[in-house]
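Residue numbers (our numbering): 4 to 148.
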């Protein structure tokens, strides 16, 4: 799908309808699933090595800012099955803001769920290139997850 190629890889999380092929233990209380293809070299190599998509969550607690190295979420380690250190991320405002999250689960429409660092370019692609209708009512501000 050309639209996904315009957004991914990059700092965008796309929310879509899940298919029957997706493990029902992932997001069991919703028919939606978030998909992200990061530009981070370590994560791309890991996914390539696994030869499958990787299901994971953010390395922070809800409503906490994004982390840029594993020491920033050391308090969560006892609750995790595995911690992989792919190196420290750049300490930029964009990295701290996190990805823009956009819901594409309704045909012909989009809803921004979190502004993130790619908000303007994402809205431009969706509204102007693909003529999708923006049905965003409330957007979660940057830094709040």
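Don't be surprised by glycine CBs; every beta carbon is placed ideally from N, CA and C. Predicted model, so just to flag it, every value in this text is computed and none were measured.
In the structure shown, residue 47 falls within a helical segment according to DSSP collapsed to helix, strand and coil. Taking residue 13 as reference, the option from 138, 51 and 119 with the minimal CA-CA separation is 119.
Put simply, the backbone Cα of residue 64 is about 20 Å away from that of residue 95. Excluding five sequence positions before and after residue 57, the CB atoms of its chain that fall closer than 6 Å to its own CB belong to 50, given in chain order. Closest option to residue 138, judged by alpha-carbon separation, among 112, 22 and 6: 112. For residue 106, no alpha helix (DSSP H) run applies; the uninterrupted beta strand (DSSP E) run containing it begins and ends at 103 to 106, by DSSP. With a cutoff of 9 Å on beta-carbon distance, residue 35 and residue 108 are scored as near each other.
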